[in-house]
Each structure stands twice: as C-alpha cells, then as structure tokens.
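Residue 17 in this note's numbering sits at position 5 of the sequence shown, and the numbers go up by one each step.
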Amino acid sequence: MDHVVLKNRRTTLERCEKFISDELSFFSDVSLYWKIYPEKSPLKSLTHYSAPGRITYDEALKGVYKPAKVGESFGPAWSTHWFRVQIEIPAKWEGKEVHLLWNSHSEALVWQKSKAVAGLSGDKDRISFTLTKHLKAKERSHELYIEMACNTLFGAGDSLIGPPDPKKHFTLSQAEIAVRDNQAFQLYLDFEIIIGMAKHLGENNERGNEAMLTANRMVNQVVANGGSYENALKISKAFLTQKNGESQHVVYAVGHCHIDTAWLWPYAETIRKCARSWSTTLTLMKEYPDFIFACSQAQQYEWVKEHYPGLYTEISKMVKTGRFLPVGGCWVEMDGNMPSGEAFVRQFLYGQRYFQQEFNFRCKEFWLPDTFGYSGQLPQIMKLFGLDRFLTQKISWNLINKFPHNTFWWEGIDGSRVLTHFPPGDCYTMKAQVEEILKTRDNHGDKGRSAKTMFLFGHGDGGQGPSEEMLERLIKMKDVDGTPKVKLGSPDEYFSAVEASDLQNLCTWTGELYLEMHNGTYTSQAQTKYYNRKCEFWLHDVETMASIAVILAVQKSYEYPSAELLRLWKLLLLNQFHDVLPGSSIAEVYEDAVRYYKDIEESSHNLMSEAIAALSKSKGEEARVVFNTQGWERREVITLPSGEMPTSPAKKKARRETPNVVQTDCNGNTIVLVSAPSCGLAPVQPCTPVNPASASKQAGGFCLKNGLVEALINKSGHITELYVRGSKRNALSADHPGNVFVIYDDVPLFWDAWDVMHYHLETRKAVDKLVKPATVVESGPLRAALQVSWKISDKSSIKQTISLDADCPFVKFETQVEWHESHKFLKVEFPTSVKCDNATYDIQFGHLQRPTHNNTSWDMAKFEVCSHKWADLSEYDFGVSILNDSKYGFSTARNVMRLSLLKAPKAPDADADMGTQRFTYAVMPHTGSFQSAGVIQQSYNLNCPLTQGLIHSGDSVLTHPGAFFKIDTQQVVLDTIKRAEDNEKALVLRMFEAFGGTTTATLHTNLPVKEVTRCDGYEEAMTDEENDILQVSGNTATITFSPFQIISLMLKF
C-alpha cells in the first residue's frame, strides 16, 4: 500500500540531485549519470606520434607511431601529439549506439577518413564521439586519428589567467568504447530540467513544488522497477508537456561558440580551436535540423578556408541553408575603444566584403559580446554599412552600476540610433540549464516593453560551442509550463520580432557604453598600443601617397598596392582583437603581434618609398621634399637624415643671410623649419621662424618660450607656470606644478592586466628622486630643449627631453622609461587652473565629455577612461589640452589631468611592459575653445610627422607644388584618402565634422577629377536624396555636415 510522505524540501532535492550526480563517490553505483554508459570495451590498438609542431593531417599520416596506453602523460604545453586509434566493436553490441570515450584532459580533434569531424575537451566534459547510432555488422571496425593539443580550452596555465606553464603535461585518463543507453541519457536530461525548475522557481512557487514532487516520483519509479526507466520517462513526459500560456516570455536560443582570436593561447592555436568547434557544430546540425549557429569573425573563416578546406566546404553549404550564420560583419571582434575611426571602418569593410565574396551574404547585425566598452561613434559607423542592430553582453560586468536596459535604442554622438540587445542571462556561453533560462526572463530590464530576449548557448571563449545535451534540453523546454517559451532561432528572427511589435516602447541610451571594469586595458602592454597608433598612421600615409601617385600617373607603370595594403590592414585589424590590443593576452600572443607590427612598419615604409618614386620620372639632381598627408597646411621643424645639410645654392644663400633657419640638435642632427601644403609636398626650404624658440636660465630653473607659449620649468623638470599668447593667466595650478610623474599601487581584485581599481587613487606617490637635474641641451632658435632624469626605484628610471619648437603651440615631452616594477601604475599629472565640471576626450571621428566630479556613482565609476590623441579641460575662452602619440588611458579629477603611462601586471603575461618604453606627450594651453585653438589638428601633427623623400628637381610636382586636397575649414577633418576597392580609377575620401556642430565645408582638389558622389561604407553610391547635401562644381565639392557626421566621397578620374 502506498504511503504519502510529507516532503522536506532540502532532503528531497538533495536526494534527486544525488540520483543524477556525476561525482565519483560511494553513491556512484546508484547514480543515473554513471549508468548512461553501461557497457564498455578497450580499444583494439592505440599508438602515438609526438609531432614536431602543429602539422597537417597528411603530415601526421607519415609519422612514426609507437604503442601508447591510458595513464601516460603527454607534453609539454603547446606541443602536439597524434594518436592512431583502431577499434573493433563487439558483435554483441549490434543495434546499439556506440561511442568512443576519450579524455586527455586537453583539447583534441577527431579525424575520420581524412576529415576533421569533432572536437573533444576533457575540461568541458566533452569526451564522447559517436561511432554509430545503430551498430550494423559491417560497422564494427573503425580507424580514427586524434590530434591532441597540449592545452585546455583556457590555455596552459595553472589558473584561469595565470601565465602558461611551459612544462605542463596532460594525462590520457580514458580511451575506450562504450554503449550509450539512450533511455538513461534522456531520463538524465529530464531530471536536470525538472530538478532545475524545482530549485529555481522557488519554494513558494506552485509549479516549482510540483517539479520537486515529480522528480521524487521519478526516482521512486526507477528504484521500484529494478532500474527500469520506462515509467519514470512517462512521468517526466507528462510534466514537461504541460504548456505555457500565450503571453509567456519567449527566449530565442541561438547556438554560438565565442572563440577568442587570441588570449590565453596564440593565434596558431585559435586556428585549431575553430576546426575543433566548427566540426562538432556541423556534426550536430545533421542530427538537429532546427539548430542554427551564429558565428562571427571573418578572419577565423579565412583561417579555416586555408587550413581545413574540406571543413570549409561543408561550412559553406550550411551558410547557404541559413543554418551556419555569419554575424557581426567585422574582420575580428575588435576592441571597442582604442582602434581609430578608420580602423573601425575597415573592420566592417573587410569583414562584410569577405562574407559577400565567399557566401553572397551580408550580416545584418553588429556582434560584439565580449569587449571592454563601446565607443559612442560606433552606431554611426555601423549604419555606414547598413547595420542597425547590435548585440553585446559585457556591460553586465559593471562593477558599480547595473545597466538599466537589455533591449533599447543606442544613440551615438551624432544622433545615429541602432536597436541594441544585451542578453539578460548576462552570458554568451550559456549551457542551456533551467537556471539560465529563468534568469534570462527574470533579469530582463525592459519587462513590459518587450517580452523577447536572446539566449546564446555553447561553450565559449576557448571554443567548443553547443553540445548535444544543450540542444536536447532546449528542445525539451520548448513550451513547458513555469518556464519561458524556448525557440531555436537566429539573431534575425529575434530582432525582426522586436522590430515588428516593440520599437515604440523602447528607451534610448545616448553616448558611449562605458564598461565599469577592465579600464586598465587602456594602458597594459604599452608596446602594443604604441605600434597600433603608429601602424594606423603609417597605413594612412601610404594610402594617401599611393592614391596621389596613381592618379597623377607620372610613372605609367606604377600600380596602387591594393593586395599588399589589404594584407597589412588585415594584420593590423587582427591585432586589434579585444584581448590583444587591450593587453590581456599571454606573452606568446605579443610575440606574434610585434612581429606583425614590424611587418607593417617595414612594408609601409617600402610602399611609401615606391609611391614617392612614382612621382618622379626626370633624371638629374635629387631634391629633398616633405610630404604632408594631413588636410591642412603645416609649418614644422623636421630632422634631416644624419649628416645631411641643405645643399642647393638657394638654401646655402638663405643660410648665409638668415643663420637662424638651420640648427644642430642635441644629437648632432640638422633640424630645419619647413612649410608644407595641405595633402601635398614641397621642397625642403628652410623657413625663418615667426616665433623662434629659446631656452634661458632664471631663478630656480629655466624658461622655454616662443611667441606662442611660455613655460617656466624648475630643476626637477616640473612646469611651475605655463602661458599662452593672448593671456597673462597661468594655465597651471599655483599650488602644484605640472609634468609630475606619480606612481600608484595597482592590485586589482582578480583581473590583473585588465583592471585598475578606484582604490589605487589612494596610493599616490610622486616620483621625486632626481638622477640628473634639468639642463639646457638646445637653446634655439628652432628648438629649445631641456633634459632631466628621475629614479622611480632601484630598478626603474625615467629620462626625458622637454622641448619647444619654433612656431609650435605646445611643449613636448619625449620620454624613455626603464620599467621593471610589479603591480605599479605610472602616470603623469598636470594640475591646471581650470574649473570645469566636464573634460573632453578625443574618440573615433569626434569627441565626448565625461565628468570631472563624483556627484553620482555613474560619475565616480569613470575614474579611468579611454582617450585617443588628446584630452582637454576648458572654461569659457581658456583651457589646457594634453596630447600624446601612443597612450589611451586618461583621468581628470576636478582640475588635475592625468595621462596613464605604464602598468606592471603579472598575469596573464608575467613580463608585461618590462624593459625600455618610449613615448611622447605634450601640453597645449589655449585661449578660446580647443576647437578654435587647433588642438585637434595639432594632435594629428604630433602623431603624423611630415614625411621626407627625394624627387628629381625637374619634376613638375616639385616645380609646381601645391595641395592635392584642401578643405576650407578646420571644422571638417579629411581623415582618409584611399583608392576605391572596386574601381581602379576612383578614390574614396572620408571626412568628419570634428567640432560637434553643423557646418558647410568646401573640398578642393588639383587632381583631374571627373565626378564626385557620396558613397556608403561599402563604397557604393548613395541615393539622390542622400546626395542633396553635396554640391559639385569642377574641382570643388561643397558638403553640409551635421555634428560629428562622417561623410565618404567617391571621386572618379
């Protein structure tokens, strides 16, 4: 007779959980988990080949294989081991489903009949490979190859973010075949779901209590029927087929496999991670016809195409069916803060072009779930490529403030709006558990506005992706009373559903999406940041000069180096991946990154030389020229090549008559002041400075001045007073000098290279130990300079040259640091005399303001922010700007401006930033606004020095120099000049409004242009209505800009 027992929640739930526990314990004999594989058999043969590296399958076949056995260890870290696995399935297993069980506690790839078919990973319990679903007599014999990588999903460290252990080995703990009992497997999954509902719907929820009692009855049925699962499956089916109401929340479950293009493993391992993950995905697609997989990053597709062509062919077929979906439209999932505006454009341009060329497909949504903040200019750049949907998740990591929305409009600094979704499960690597499904509904910040959310499932970061168990759980939870409805779908289905019914209900967030975490990434790995900025400008210069050279066609044989520039851009974009440029990867990644940067540097310089040579065809005496690739005239001091002096008769005469036009600097080089037209070239003709520079001693220190700026500097190298022409006001604080190096303790809570915590500000210590007091090393008239050096510690020091050039509005600080610290943060500070509640920071194609106070927790959270080439603090009609050539971290607290210089994290790269670091920054006081004072243009000048070259003196480009392109207002910046991707006789010019206001600008060119039209990011013509803002007359185009608007023009020749 049945006995009804009053159930205790804790004991009942624990009983049910123990019944399916995967823990090895004295209860394992009664756990359902351990009965999923009731019959096992050893392999027929297992042999091993220690490969010389990451070799191909064909190369592996030629290896010498030796006997291996379970229990052996293989290594070291990053090495590769191949296994030949020979299998003979027992005849008695006929009709049953048979799996290979393999656990090397590392990543591995199964090869079958020369095809990559499945990834394995012991650390994610992905240890089975299906040999047959229903064994037939002719299927008993199998031969497989397994490529074992000596790393886990998360690299080869001893902790999550610890540096790799080069001696790490991995033990093969399991290698056998087994029968899977599918009744036990299905019942196990049912238990997971029903127990999950019992636990997470809550004690006071009726359906939750029903789930608890149902799970308990299922256990009783298995026990009562001697281990038979049939009755228990009937109970679970009855429970799980009770349906929801019509108004229930809908979760769109999208398969995903976030693979960091590099992080705790090098680029080369990512290629194999893609093969392991995507081969598994394709195998699952054969079994689950409703399974849709979203996959980003064109770079990874290109790698798979090159290294796994057979796998790529299968992927291409699934792309055409709409089940393997390219998303994101970018070359890689880049950092969202530090790349330049043009680099952002190229991410979309080259990513979308790849998908278009390979699959005749353009992504509809920008996909960037795992980066450390999002620039306020991204919405407009997205819309240049027709992308008006955005998915991310990382803002859920905010340390201080919970972001208020999950489905909303994101509005950029220009007013562009994109539909944005943050999956409220707060994760892009969901495992399809009940708890995650419920959180996705309950954590939704826009309840009542939209009853739809997205759910990204699949192992990620290190790859692997969705599993059979995940898909089975989602299918079972399709429509279960008590939980949201679950629909296997695509991002397009989700966004289309929102667009169909919810848009009018959604709120708007304006400006950047600032992540209140990981703001140390603006500074970590300084060399990477240095090269990133330099490479962006090197490629800019090459494209500008090559464009001019190909249109002028002085040398008919010159061809625009499209293929090489594309290769270089792809390398740069690759290094802008969101764990590489931010400085949060292992040392091996930066070895690769620096190699790529140096490749870009060398090739860019060669391409520049070729473009310059293409402008010259006459013979005879060569003349030195300067090239200005910026869209305004420049007048600057340049350094001639070692030992070179002005040699032409005109230059010799000028030097005799005006001796202050040439100077020898402190390194023995000749420097001269030259002028160069906008986007043009001019002969090196030394100019007489209008505002010559001088250095003089005075009480307590020195004075550097020209007619524009005056700086009083003490013997410690600190600026005590700073003046700009037109004002008698000291731009610096009367109480505290500027150019003071300060060092902080930098001990984050966990994410070492990623984070700097607000409490570091409490540990400020000035670097005040002088090694060598300031001394004058150059006295003018072209450059006045001091040198000074400090001791940071017994291991670290700073050497600096402080200089002021003739006719230059800023004081420059060329700095060399010997850096050998641990968990320290170096900054330089400038306490100003300016009072303003907001500072202004340079970002991609514009700028934005952030608070200098801590009125609210949202204000306080921005204690360290990202800035590009400049930052400014201004009152009405007066301000101070800090410029730099390679830094991205900044903070302004009330009147004190601080540029972040160096961090010293020890994980995941134990030697990050150790050694010699070089960088330059500058301070520029100004009257008026920073816009009218030319701060924006000066920041470009600091980052983009005039280029020098040699041209034959009789060439027309030298005898008739001038501006190839010129804009009549400094409110509009001509940012990019490049050849069109698909038209050899056309150039693309990209401009942006830089001040934050509406204006009309006139572009003039002296090149023989035939037609000028607007184009979008794809370089495709825009509509007549969109062209209304453009008026063309001969070689002149007049364009109307709205605030921060980006406009691209196609010029046909």
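Every residue, glycine too, gets a C-beta built ideally from N, C-alpha and C.
- Here residue 384 has 347, 348, 349, 406, 527, 529, 530, 531, 533, 590, 594 and 766 as same chain residues with Cβ atoms under 8 Å from its own Cβ, once five neighbours each way along the sequence are excluded.
- With contacts defined by Cβ atoms closer than 9 Å, residue 49 and residue 191 form a contacting pair.
- If you check the CB distance, residue 134 and residue 91 do not come in under 9 Å.
- The alpha-carbon of residue 885 is positioned some 11 Å away from that of residue 843.
- The three-state reading of DSSP puts residue 850 in strand, counting E and B together.
- Annotation: the continuous beta strand (DSSP E) that includes residue 752 extends over 752-757.
- For residue 315, the enclosing alpha helix (DSSP H) covers residues 310-319.
- When DSSP states are grouped into helix, strand and coil, residue 72 belongs to the helix group.
- The three-state reading of DSSP puts residue 32 in coil, since its state is none of H, G, I, E or B.
- Residue 877 sits close to residue 902, with the two beta carbons spaced by under 9 Å.
- For residue 937, the secondary structure class from DSSP, reduced to helix, strand or coil, is strand.
- Counting the other Cβ atoms within 10 Å of the Cβ of residue 258 gives fewer than 16, which makes it exposed.
- If you compare the alpha carbons of 354, 937 and 896 with that of residue 954, the shortest gap goes to 896.
- For residue 799, the enclosing beta strand (DSSP E) stretches over residues 795-803.
- Cα atoms of residue 410 and residue 977: separation of roughly 45 Å, rounded to the nearest angstrom.
- Your pair residue 749 and residue 770 does not check out as a contact, with CB atoms roughly 25 Å apart and the cut at 8 Å.
- Within 10 angstroms of the beta-carbon of residue 536 lie 16 or more other beta-carbons, which makes it buried.
- A buried status is given to residue 286, since no fewer than 16 other beta-carbon atoms sit within 10 Å of its beta-carbon.
- In this structure, 113 is the residue among 36, 940, 113 and 633 with its C-alpha nearest to the C-alpha of residue 54.
- Taking C-beta atoms as the reference points, residue 684 and residue 817 fail to come closer than 9 Å.
- Beta bridge pairing from DSSP links residue 647 with 687.
- A Cβ-Cβ separation of about 6 Å places residue 942 in contact with residue 891 under the 8 Å criterion.
- The Cβ-Cβ distance between residue 266 and residue 497 does not fall below 9 Å.
- Fully contained in the stretch 1025-1052 are the following beta strand (DSSP E) runs of length 3 or more, in chain order: 1042-1045.
- Under the three-state reduction of DSSP, residue 777 is assigned to strand.
- Rounded to the nearest angstrom, the Cβ distance from residue 786 to residue 714 is 6 Å, consistent with a contact under 8 Å.
- Nearest Cα to residue 116 within the set 161, 75, 880 and 370: 161.
- Under the three-state reduction of DSSP output, residue 175 falls in the coil class, being neither helix nor strand.
- By the Cβ-count criterion, residue 915 is buried, with 16 or more other Cβ atoms from all chains shown falling within 10 Å of its own Cβ.
- Around the C-beta of residue 548, 16 or more other C-beta atoms lie within 10 Å, and the residue is accordingly described as buried.
- The continuous alpha helix (DSSP H) containing residue 610 extends over residues 599-625.
- Taking a C-beta distance under 9 Å as the contact criterion, residue 755 and residue 814 do not qualify as a contact pair.
- CA-CA distance, residue 308 to residue 344, rounds to 8 Å.
- When the Cα atoms are used, residue 39 and residue 119 turn out to be separated by approximately 30 Å.
- In this structure, DSSP gives residue 891 an extended state, which the three-state scheme calls strand.
- By the criterion of at least three beta-carbon pairs nearer than 8 Å, the stretch 679-699 is not in contact with the stretch 722-736.
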